[in-house]
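S.K.: Protein chains in written order, with the numbering used here: chain A, 1 to 331; chain B, 332 to 662; chain C, 663 to 1171; chain D, 1172 to 1485.
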Amino acid sequence: MDNTVNLAQADSADNTPFLKRLFRMRETGLIVIILALFLIMSFASPYFLTWANMRAMSMAFAVDGLLVIGMTILLISGGIDLSVGSVTALAMVIAGWLFLSGVNPWVASAMAIALCTGIGAFMGFFVTRVGLHHFIVSLAIMVIARGACLLFTGGRPLGLYTLPPEFKFIGQGTIGPIPIVIVIFLVFVIAFDFMLRRTTMFRKVFYTGSNEKAAAYSGIRTKKVIFLTTTLCSTLCGIAGIIYMARFGSAQPTFGLGLELTIIAAAVIGGASLNGGSGSILGAILGVILLSLVSSSLALLDVSVYWQDIIRGSILLAAVTIDHYLNKRRG
Amino acid sequence: MDNTVNLAQADSADNTPFLKRLFRMRETGLIVIILALFLIMSFASPYFLTWANMRAMSMAFAVDGLLVIGMTILLISGGIDLSVGSVTALAMVIAGWLFLSGVNPWVASAMAIALCTGIGAFMGFFVTRVGLHHFIVSLAIMVIARGACLLFTGGRPLGLYTLPPEFKFIGQGTIGPIPIVIVIFLVFVIAFDFMLRRTTMFRKVFYTGSNEKAAAYSGIRTKKVIFLTTTLCSTLCGIAGIIYMARFGSAQPTFGLGLELTIIAAAVIGGASLNGGSGSILGAILGVILLSLVSSSLALLDVSVYWQDIIRGSILLAAVTIDHYLNKRRG
Amino acid sequence: MNIVMQDVILKIENLSKSFGPVKALRGVNFELKKGEIHAIAGENGAGKSTLMNVIDGILQPDSGDIVLDGKAVKISSPTMAQQLGIGFVHQEIALCPDVSVAENIFMATTNVSRSWLMDYKKLEREAVDVFRQLSDIDPSVLVKNLSISNQQLVEIAKALTLDCRILILDEPTAALTETEAQTLFGIMRNLADQGISIIYISHRMVEIFDNCDRVSVFRDGQHIVTNDVADIQPSDVVNAMVGRVIDNLYPEKAAEGAISEETVLKVKGLSEVTRFHDVSFELKKGEILGIAGLIGAGRSEIVKGICQLEGDVTGDVWLNGEKLALRNYQDSIAKGMVYLSEDRKGDGVFLDMSIASNVSALKVEQVAGPLGLIQTGAEEAQAEALGRKLNLKCGSLSDPVSSLSGGNQQKVAIAKMLSVNPRLIFLDEPTRGVDVGAKSEIHKILRDLANDGVGIVVISSELPELIGVCDRVLVVREGRISGQVTGEEMTEENIMHLASVTDAQASVA
Amino acid sequence: AQAEGIMCEPGETYIMNVMVSGHPYWVPVYQGFKQAAEAFGCETVFSGTPDYDITKQIASFEQDLVKSPAGILLHPMQSDPFIEPIDRAIDNGTEIVTFAADSPNSKRTGYITSDNHAEAKFAAEEIVKQVGDSAEYAVLENPGQSNHDLRVTALIAYMEANYPNMKLVGRQATNQDSNAAYRATASIIQANPNVAAIWIPEAGSAEGAVAVKLEAESDILIMHADVTPTTLEHIRAGNIHMSLNPNQGVQGFMGFMAVHLANRADIFDPFNDWQTSGFNPVQIPFMDNGFAVITKDNADSFDLNVYMEGRDPA
Ligand SMILES: Nc1ncnc2c1ncn2[C@@H]1O[C@H](COP(=O)(O)OP(=O)(O)OP(=O)(O)O)[C@@H](O)[C@H]1O
Ligand SMILES: Nc1ncnc2c1ncn2[C@@H]1O[C@H](COP(=O)(O)OP(=O)(O)OP(=O)(O)O)[C@@H](O)[C@H]1O
Ligand SMILES: [Mg+2]
Ligand SMILES: [Mg+2]
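(1) Ordered along the chain, which non-local residues of its own chain (more than five positions away) have a Cβ less than 6 Å from that of residue 945 of chain C?
(2) At a cut of 8 Å, does the region 1406-1415 of chain D reach the region 1376-1396 of chain D through at least three beta carbon pairs?
(3) Is residue 480 of chain B near ligand 5, in the sense that its beta carbon is under 7 Å from a heavy atom of that ligand?
(4) Please confirm if the region 1422-1432 of chain D is in contact with the region 1340-1351 of chain D, defined as three or more CB-CB distances below 8 Å between the two stretches.
(5) Give a single yes or no on whether residue 902 of chain C has its beta carbon closer than 7 Å to a heavy atom of ligand 1.
(6) Please name the residues in the region 1018-1032 of chain C whose beta-carbon is closer than 8 Å to at least one beta-carbon of chain A, in chain order.
(7) Tell me the DSSP secondary structure of residue 1424 of chain D in three-state form.
(8) Check whether chain B comes within 8 Å of residue 143 of chain A, counting only Cβ atoms and requiring the distance to be less than that.
(9) Compute every distance between the C-beta of residue 1012 of chain C and the non-hydrogen atoms of ligand 1, then say whether any falls below 7 Å.
(10) Runs of 4 residues minimum, wholly inside the region 78-113 of chain A: which ones carry the alpha helix (DSSP H) assignment?
(11) Among the candidates C/882, C/897, C/875, C/904, whose CA atom is the shortest distance from the CA of residue 890 of chain C?
(12) Whose Cβ in chain A lies nearer than 9 Å to the Cβ of residue 1359 of chain D?
(13) Residues in the region 974-997 of chain C with C-beta within 7 Å of chain A's C-beta atoms, listed in sequence order?
(14) May I have the straight-line CA-CA distance separating residue 1293 of chain D from residue 1396 of chain D, to the nearest angstrom?
(15) Quick one: is residue 479 of chain B near chain A, going by C-beta distance under 8 Å?
(16) Would you kindly report the start and end of the unbroken beta strand (DSSP E) that includes residue 1395 of chain D?
(17) Answer yes or no: does any C-beta atom of chain A fall closer than 8 Å to that of residue 1194 of chain D?
(18) Assess contact between the region 1271-1286 of chain D and the region 1322-1338 of chain D, defined as three or more Cβ pairs (one per stretch) separated by less than 8 Å. Is contact present?
(19) Quick check: is any heavy atom of ligand 1 less than 7 Å from the C-beta of residue 852 of chain C?
(20) Which of the three DSSP states is assigned to residue 174 of chain A in this structure?
(21) Which class does residue 320 of chain A belong to by DSSP, given the choice of helix, strand or coil?
(22) Do residue 490 of chain B and residue 578 of chain B count as a contact pair if the criterion is CB distance below 8 Å?
(23) Is DSSP giving residue 1255 of chain D helix, strand or coil here?
(24) Measure the Cβ-Cβ separation of residue 957 of chain C and residue 812 of chain C and say whether it is below 8 Å.
(25) With a cut-off of 8 Å on the beta carbons, I'd call residue 455 of chain B and residue 562 of chain B a contact; round off their distance for me.
(26) Note down the Cα distance separating residue 525 of chain B from residue 629 of chain B, rounded to an integer number of angstroms.
(27) Does the CB of residue 836 of chain C have a neighbour CB from chain B at under 8 Å?
(28) Quick check on residue 385 of chain B: buried or exposed, where buried means 16 or more other Cβ atoms within 10 Å of its Cβ?
(29) Taking only runs that begin and end inside the region 747-791 of chain C, name each unbroken beta strand (DSSP E) of 3 or more residues, in chain order.
(30) So, with DSSP's three-state summary, where would you put residue 885 of chain C?
(31) Mapping the DSSP letters down to three states, classify residue 740 of chain C as helix, strand or coil.
(32) Go to residue 928 of chain C, then tell me how far its beta strand (DSSP E) extends in each direction, as first and last residue.
(33) Which full runs of the beta strand (DSSP E) of 3+ residues lie inside the region 1343-1393 of chain D, going along the chain?
(34) Would you mind sorting residue 1400 of chain D into buried or exposed? The rule is 16 or more other CB atoms within 10 Å of its CB.
(35) At 4 residues or longer, what runs of the alpha helix (DSSP H) sit wholly inside the region 490-576 of chain B?
(36) On the criterion of 16 or more Cβ atoms from any shown chain inside 10 Å, does residue 3 of chain A qualify as buried, or is it exposed?
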């Protein structure tokens, strides 16, 4: 029977050579595309491959990276969150407002993150208990959180120049040559990528998103899973908001307008399915990197503003098309 | 055996009294909510129930109504379109630009609508032939179309004050006391609602969205259906853009930023499923009316801006929750 | 079956089809004659459905020809197949859940209809006509509200409305009870008499030998043999399929005295608001208990109720003497009581996930090391062990379940149940779509488990299976237990009698 | 019902209608509007739409008209779409004055704004003063928003006309998004190590740009328009050279005066033909509200949060 593998030999997958396994990975297509862009850019601009440019480019996507982690996990579980931009802004605003009211900045940040967690739980409640769709619940929260930002600031950005240096250090400091922001980013990415691939807890997220009913029939508390992924996504928004606050030394009520689409796009480019059940942190991060790389490159090449959007959109479309065909050929 | 009935009574559904059928309709919950808001507003503001206010309020949602028709049909077929806002803007910009270059405004409008149709067909191609997801394709088009708007206008609105009066009439004229815009809106709504409920052509859209495989097995060319719904949505954007142009006498490259979420939200509130297979024009229009009514009411009551978003989001959440329970009880 | 065999209407010549490394069909030759009912038998994964999908234009062959009426044709889509007069009832139910039964049935007709407007009244009237022959389903109901068996009936009704010359039925009776199956055979015979050719795929030998004219056997993607059923015995078919003789289809029943006095499960006064009422029964150690009933009788509902999967249930349940106070299905699993669903596609498997992670889903913790880290090795070993036990045929354990044949998907679902070493398993249509060989393996496993003291409750629509495997059969009628049969009383007649509505015949609505 | 004197009658209400009504720009404008109104015993309402949506703003404007106010100070999101509604309002006797953005083809009573050309010219001269007249400079922009557009295009045009050796090396759209501005500025600085100055037409992007300046330890000269508390701090700290801030308070104050006086033509009988021509001399067709230059020295006066303490924003 040459069309079936003898089950006795079935677990030989781990012996396949590394290169072959790499080739089979969902993310390889994206890596290839990003490397190609890198190569092109290195030739196109002498400033591209400088440490300072790399550093600036990574700073530009590092914090969004946290948001995309939360979004990817939520997408895998079958949900979606349109409120990421405004909840991130709310975290900045609340922490900043508390700080200006005299609260210790660390305590203020913890409270803001807790509030975001609460918002996520609130959304989770509406989705799992009331039975509404993630889309509409998070859209309502997006509007409400933005409103709360306005309310707490009167629409005016809060100047947090007086934040203590050790606090600003999270956003502006470096360890050796590496900015703390990038370190935080890497820690989160590696931790969540590992957990998502390996832990039983996160495996249940995949089961739930793949077939919620089958998951329930396998004894998984699917509502709890969805509740938790919804909450986690908002918590990560909270953390991202605090880092942004430390980095810019201000809290902007209008921060992150339209950010939700970028974040969702990054996750989808990275292989997350809008129908749930699949996705990976690595892929999603590559998605963020791709989007950010394109923007940075266009700026570096000083492409006319009036052409940038057209080029950006076209590269996005081309990239996902190429990625699609690369995956198809391997599949 | 509650899913079976006496066969002799099977086709008796049409004999049920009108009120009972109304009560069973998916849209009744929304109608109740809207009526309740109407009642509250009539007491809250002496200006609410004036002809001028009703006119202002309906003008505010009439043209968006066309977009929501296209979006609903697309959602039913299982798709989604994030580009509606920028494609609408592009229609205005292209028609305006052609007009300023000396093209007859009617011809210019026809060309702009044809272009939008082409954009829809382009998206349809990527979705059905290449096999990408609607979300990512339309996101790329959203960016590209916005870029094209910038390119054609240099970012500045085109003043089309010189449009001939008979052209502006579409957007600014009235038949008796009724603005033409409202008449166009009603014609589209009634026509599409009827077609979607009754014609064999549009039933295929439901079949395709409900289970694409099953539809394909029954011989339905599902790709063609999806291609057409995608195209139709963009065509309606084109028409909406032209009406807006006639109404405003200008073409704004930034028109419709963020409009996609409002339109999708309206369709979803009206019962369209993001997974395809269900939805109705009547419901979606009620969704648009609800959203617009809330905004208009807050403006009329002079509610503080710092509270408006919070109240708006909360009403949205409350409305969908109430609607959900009303449907559940009936279901 | 003295049908005069007429000309060959469909001929498959040297047809091959691969999915990546998997060769599903290898140089298949096959002939279908006008007006015959042609059975196809073969193990799970033998390539039966793949061949049918090729004939219906859903899949394109890698090589080989389809010859229709003597002309080679390339069937590029189901649309084209339909135009050529080919109708197909799929193994996996493919209906539009958000659409009414009537519309589902006439979807193909609507598609080619010349009229612009829908005539819902006409559709429903005609749907009622179609169902008059089959079963009483309300055509205005949305399909998503139907039970899986009723959906199967809709799927059949859908094919019957087609104006076709060749009708393919891929395991249509897998979820049907005897009554509906018999109705279907009547209809099939009728169609065949009108000159329509029928391809009938089934794992039930009885059906093949009672209703078909010829039978073709497939193995490993190859056509092995075709015979008139009159010329051969069921054992010959099984032999050709499996490549060995299965002498004893069903395992030995529990020996005298093997059933102890100890009760594994005791249910008392179990009721659910609308679905079932006052259900009480016991399951002894070492015993296999069957539950029989007509479609929609409430069998699935009762066992789901016992393990708190669905419904608002009142009543008492004891497991191994311990009174249970389950709040949800997780509690039930924790107590070792699991349920194998009848709807494997809907809630049995994760189609887009790997075989290994499907098998481990019921308790992933089992294949995890410290810190809750999943050990891929352990996970694959578990899947491999159970897969081998159930004779699972697959490419690699990391392939998605969607790449498996229907019967092999069912085996994955069963493996998932067995993975947690349960103390009591409810199996709802456990061998749905499973081939004879694997079926008898599964039966043996069930008997072994019962002997080890694991409680086994089997719901099946296939009466011979219940009679062959169970020591006792409960019969459910309209949500109540209408009786039970054991030993010599276990006959199809007795069970059918208890299952059908005898008194108050008219009160259906 | 025109009042006899310059003071308002009880209930006489003036409305200020804007788009994106949560934006802090409007806050001092409305304070000026309100203070002027209070001086005349008039009532005021802050109205408009929280969204960046022309349809919604027109609806809110028309709803304002339903209330028959004495006059409206309007910031029209786009000029031409407001022609018809403004004309209708004027025909019905409601005075409309536009501010910060105009609808020149309408019959609006007057227009008050800060002069973006003047701002741009000032900025250009200041940049040249600081970095010399043959240097590289860059701009960030926000295409689609007319006043921001003008600030940028006017500066570039001025440079080209007067300082041909000034070289524009970077021009990026950042749309008031500080992270986008961060990315764009970083790229500009990378690609043009010699870039000496950057002009930013609003404050949100300036926050992102200044973050790059600090991280890259660049000595690029940052100048921007408008102000936020954060950029204010950076001005104090010398990270941002200076900011040009339109005189919002005056805009609101004079905006009110323009509407109010237009309502009271009969208190003044000037030496001209107004009675025959119908043109009311108290209608002020155009006013420039001026702008302030914020530097290290005067930064303390521009903390909006301090200014707003004890005041009601609405
Ligand atoms: N989409 C697919 N991708 C990969 N392999 C597939 C796919 N579909 C079928 N196969 C493989 O092709 C072979 C034949 O499958 P097929 O479904 O035709 O079997 P079958 O005879 O119908 O079995 P059953 O009795 O279980 O329904 C199996 O080995 C199956 O795993
Ligand atoms: N979710 C549901 N909503 C409404 N009715 C349901 C639902 N699920 C099942 N039913 C109905 O409850 C009754 C019992 O169904 P159940 O599935 O238990 O029957 P069964 O005896 O297992 O038969 P089969 O599975 O062969 O249809 C049926 O009439 C069925 O249609
Ligand atoms: Mg099969
Ligand atoms: Mg059942």
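Where a beta carbon is used, it is the ideal one built from N, C-alpha and C, also for glycine.
M.R.: In brief:
(1) Translated into positions along the third sequence, residue 945 of chain C becomes position 283. Once the five neighbours on either side are set aside, the close Cβ partners of residue 945 of chain C are 926, 927, 951, 1117.
(2) yes
(3) Questions concerning ligand 5 fall outside what the structure shown contains, since the ligands it does hold are ligand 1, ligand 2, ligand 3 and ligand 4.
(4) no
(5) Taking the third sequence and counting its residues from 1, one reaches residue 902 of chain C at position 240. No, Cβ of residue 902 of chain C sits at least 7 Å from all heavy atoms of ligand 1.
(6) 1019, 1023, 1024, 1025, 1026, 1027, 1030
(7) One-based indexing of the fourth sequence puts residue 1424 of chain D at position 253. DSSP places residue 1424 of chain D in helix when its eight states are reduced to three.
(8) Stepping through the first sequence from its first residue, residue 143 of chain A is reached at position 143. Yes, its Cβ sits closer than 8 Å to a Cβ of chain B.
(9) The residue labelled residue 1012 of chain C in the question sits at position 350 within the third sequence. Flag unset: Cβ of residue 1012 of chain C not near ligand 1.
(10) 84-100
(11) One-based indexing of the third sequence puts residue 890 of chain C at position 228. Out of C/882, C/897, C/875, C/904, C/875 has the C-alpha closest to the C-alpha of residue 890 of chain C.
(12) Numbered from its first residue, the fourth sequence carries residue 1359 of chain D at position 188. Those within 9 Å of residue 1359 of chain D in chain A are 299, 300, 302.
(13) 991, 992, 995
(14) Taking the first residue of the fourth sequence as 1, we reach residue 1293 of chain D at position 122. Taking the first residue of the fourth sequence as 1, we reach residue 1396 of chain D at position 225. Between residue 1293 of chain D and residue 1396 of chain D, the C-alpha separation is close to 11 Å.
(15) In the second sequence, the residue the question calls residue 479 of chain B occupies position 148. Chain A, which has a Cβ nearer than 8 Å to the Cβ of residue 479 of chain B, makes this yes.
(16) Stepping through the fourth sequence from its first residue, residue 1395 of chain D is reached at position 224. Per DSSP, residue 1395 of chain D belongs to the beta strand (DSSP E) from 1392-1396.
(17) Locating residue 1194 of chain D in the fourth sequence gives position 23, counting from the first residue. Yes, contact with chain A.
(18) no
(19) Locating residue 852 of chain C in the third sequence gives position 190, where the first residue counts as 1. Residue 852 of chain C: no, Cβ never under 7 Å from ligand 1.
(20) Residue mapping note: residue 174 of chain A aligns to position 174 of the first sequence, counting from 1. Correct three-state label for residue 174 of chain A: strand.
(21) By 1-based counting over the first sequence, the position of residue 320 of chain A is 320. Note: residue 320 of chain A maps to helix in three-state DSSP.
(22) On the second sequence, residue 578 of chain B is found 247 positions in, with the first residue counted as 1. On the second sequence, residue 490 of chain B is found 159 positions in, with the first residue counted as 1. Cβ distance not < 8 Å, so residue 578 of chain B and residue 490 of chain B don't count as in contact.
(23) Numbered from 1 along the fourth sequence, position 84 holds the residue referred to as residue 1255 of chain D. Of the three classes helix, strand and coil, the one that applies to residue 1255 of chain D here is helix, per DSSP.
(24) Sequence index remark: in the third sequence, residue 957 of chain C carries index 295 (1-based). Sequence index remark: in the third sequence, residue 812 of chain C carries index 150 (1-based). Going by C-beta atoms, residue 957 of chain C is nearer than 8 Å to residue 812 of chain C.
(25) The residue you call residue 455 of chain B lines up with position 124 of the second sequence. The residue you call residue 562 of chain B lines up with position 231 of the second sequence. About 5 Å; that satisfies the 8 Å criterion.
(26) On the second sequence, residue 525 of chain B is found 194 positions in, with the first residue counted as 1. On the second sequence, residue 629 of chain B is found 298 positions in, with the first residue counted as 1. Distance between the alpha carbons of residue 525 of chain B and residue 629 of chain B is about 33 Å.
(27) In the third sequence, the residue the question calls residue 836 of chain C occupies position 174. It does not; no Cβ of chain B falls within 8 Å.
(28) For the purposes of this step, residue 385 of chain B is identified with residue 54 of the second sequence, where counting begins at 1. Per the 10 Å Cβ criterion, exposed.
(29) 748-751
(30) Counted from its first residue, the third sequence places residue 885 of chain C at position 223. Strand.
(31) Taking the third sequence and counting its residues from 1, the one referred to as residue 740 of chain C is at position 78. Reduced to three states, the DSSP call for residue 740 of chain C is helix.
(32) Walking along the third sequence from the start, residue 928 of chain C turns up at place 266. Taken as a continuous stretch (DSSP letters only), the beta strand (DSSP E) holding residue 928 of chain C covers 925-934.
(33) 1366-1371
(34) Taking the first residue of the fourth sequence as position 1, residue 1400 of chain D is located at position 229. With 16 or more other Cβ atoms within 10 Å, it is buried.
(35) 496-503, 511-529, 531-541, 543-548
(36) By 1-based counting over the first sequence, the position of residue 3 of chain A is 3. For residue 3 of chain A, the predicted structure reports a pLDDT of 40, less than 50, and the residue's modelled location is therefore unreliable. The matter cannot be settled from this model.
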